[in-house]
Amino acid sequence: MNLPMDGSRLDGSRPPRPLIAPSILSADFTRLGEEVARVEAAGAEMIHVDVMDGHFVPNITMGPLVVEAVRGATGLPLDVHLMIDAPEKFIGEFARAGADWLTLHVEACVHLHRSVQAVREAGMRPGVALNPSTPLEAVRWILEDLDFLLLMTVNPGFPAQSFIPGMLPKIRAAREMIRAAGSRAAVEVDGGINPRTAREAVEAGAEILVAGSYIFGAADYAGAVSSLRVEERGGPLS
Ligand code: DX5
Ligand code: ZN
Numbered sequence: 001m002n003l004p005m006d007g008s009r010l011d012g013s014r015p016p017r018p019l020i021a022p023s024i025l026s027a028d029f030t031r032l033g034e035e036v037a038r039v040e041a042a043g044a045e046m047i048h049v050d051v052m053d054g055h056f057v058p059n060i061t062m063g064p065l066v067v068e069a070v071r072g073a074t075g076l077p078l079d080v081h082l083m084i085d086a087p088e089k090f091i092g093e094f095a096r097a098g099a100d101w102l103t104l105h106v107e108a109c110v111h112l113h114r115s116v117q118a119v120r121e122a123g124m125r126p127g128v129a130l131n132p133s134t135p136l137e138a139v140r141w142i143l144e145d146l147d148f149l150l151l152m153t154v155n156p157g158f159p160a161q162s163f164i165p166g167m168l169p170k171i172r173a174a175r176e177m178i179r180a181a182g183s184r185a186a187v188e189v190d191g192g193i194n195p196r197t198a199r200e201a202v203e204a205g206a207e208i209l210v211a212g213s214y215i216f217g218a219a220d221y222a223g224a225v226s227s228l229r230v231e232e233r234g235g236p237l238s
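Numbered according to the numbering used here, the sequence shown spans residues 1 to 238.
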């Protein structure tokens with residue numbers, strides 16, 4: 001299943017804003033299928049899978065085998081975030097494992113445009129992630145090829161870090177750059193999301209929020225997911 005990026009739904013209703021993508025990095029791995037089912041029941045729109053290789057980032061997490069297992073546990077789109085060197089080598093493998101959205105880091109790709117095309121040719125939605133210090137300029141000329149732009153709001157590698165406030169103007173600038181380019185790319189943010197930073201990020205223009213420790217650390221997953229939806233709390237989008 002893939003969510004349309006233009007906001008339309010089959011029944012004509014508006015999708016929730018923002019879309020919530022729980023990161024299973026903070027789930028209980030001894031009960032992963034159950035954890036995924038719980039966040040799906042809690043109303044999440046997709047499942048975020050953080051793949052780390054111990055080279056691009058100083059941590060090692062999971063790979064295609066876990067994506068395949070999660071694929072069998074949910075009908076939600078799998079949003080797979082590759083924090084690995086030379087991610088182009090693994091595009092086919094993640095497609096076969098069942099990834100729907102595949103994010104490559106610009107800092108890890110020598111031929112970013114080619115790699116983005118390869119993601120689309122493999123049948124997935126391509127996204128590009130930028131580390132906090134990476135300028136938006138790095139994606140300016142390929143915006144029309146992207147389904148989404150993932151702005152890191154922490155330095156990638158670990159869950160439960162603090163949101164970097166200096167990323168808010170970057171989110172605003174990204175939305176403006178995407179609008180000016182006539183691109184339909186969605187802005188996704190990842191790292192340090194809680195109800196307060198969710199509101200700030202959404203006000204700045206974020207449309208998809210990744211949240212790991214906040215959701216999986218909560219006793220009530222449905223309450224945690226809905227507390228990240230600015231709209232439901234009578235925010236500026238209501
Ligand atoms: C950071 C990962 C994130 C992270 C989010 O390297 O890409 O997806 O796990 O975790 P929280 O929401 O705890 O910051
Ligand atoms: Zn991530």
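For glycine and all other residues, C-beta sits at the position ideal for the given N, C-alpha and C. Values in this document were obtained by computation on a predicted structure and should not be read as measured data.
Is the closest heavy atom of ligand 2 to the C-beta of histidine 105 under 6 Å? no
In the DSSP assignment, what are the bridge partners of phenylalanine 94? The partner list for phenylalanine 94 (beta bridge, DSSP) is empty, contrary to what the question assumes.
Using the C-alpha atoms, what's the distance from glycine 127 back to threonine 103? 4 Å
Bridge partners - phenylalanine 29, DSSP secondary structure assignment: BP columns for phenylalanine 29 are empty, so no partner.
Assuming proline 159 and glycine 212 form a contact by the criterion Cβ under 8 Å, report the distance between their Cβ atoms to the nearest whole angstrom. 5 Å
Given 8 Å, three or more beta-carbon pairs between the stretch 139 to 158 and the stretch 186 to 200: yes
List the DSSP bridge partners of isoleucine 208. Leu19 and Glu188
Runs of beta strand (DSSP E) lying entirely within the stretch 98 to 183, each at least 3 residues, in chain order: 101 to 105, 125 to 130 and 148 to 152
Judging by CA-CA distance, which residue of Glu200, Asn194, Arg172 and Val202 is the nearest neighbour of glycine 217? Asn194
From what residue to what residue does the beta strand (DSSP E) around isoleucine 47 run? 47 to 52
Does the distance from the C-beta atom of glycine 205 to that of valine 154 stay below 7 Å? no
What is the rounded straight-line gap between the Cα of phenylalanine 163 and the Cα of arginine 120? 30 Å
Given 6 Å as the limit, tell me if aspartate 190 has its C-beta closer than that to any heavy atom belonging to ligand 2. yes
CB alanine 27 to CB valine 225, shorter than 7 Å? no
Relative to the alpha-carbon of isoleucine 86, which residue among Val36, Leu112 and Gly72 has its alpha-carbon at the smallest distance? This sequence places alanine at residue 86; isoleucine is not what is there. Taking only the C-alpha atoms, the option nearest alanine 86 is Leu112.
For the beta strand (DSSP E) that contains leucine 65, what are its first and last residues? Careful: leucine 65 lies outside any beta strand (DSSP E), inside the alpha helix (DSSP H) at 64 to 71.
For proline 87, is the beta carbon positioned less than 6 Å from some heavy atom of ligand 1? no
From Arg199, Asp100 and Leu151, residue whose alpha carbon lies closest to that of isoleucine 178: Leu151
I need the boundaries of the beta strand (DSSP E) containing valine 80, first residue and last residue. 78 to 83
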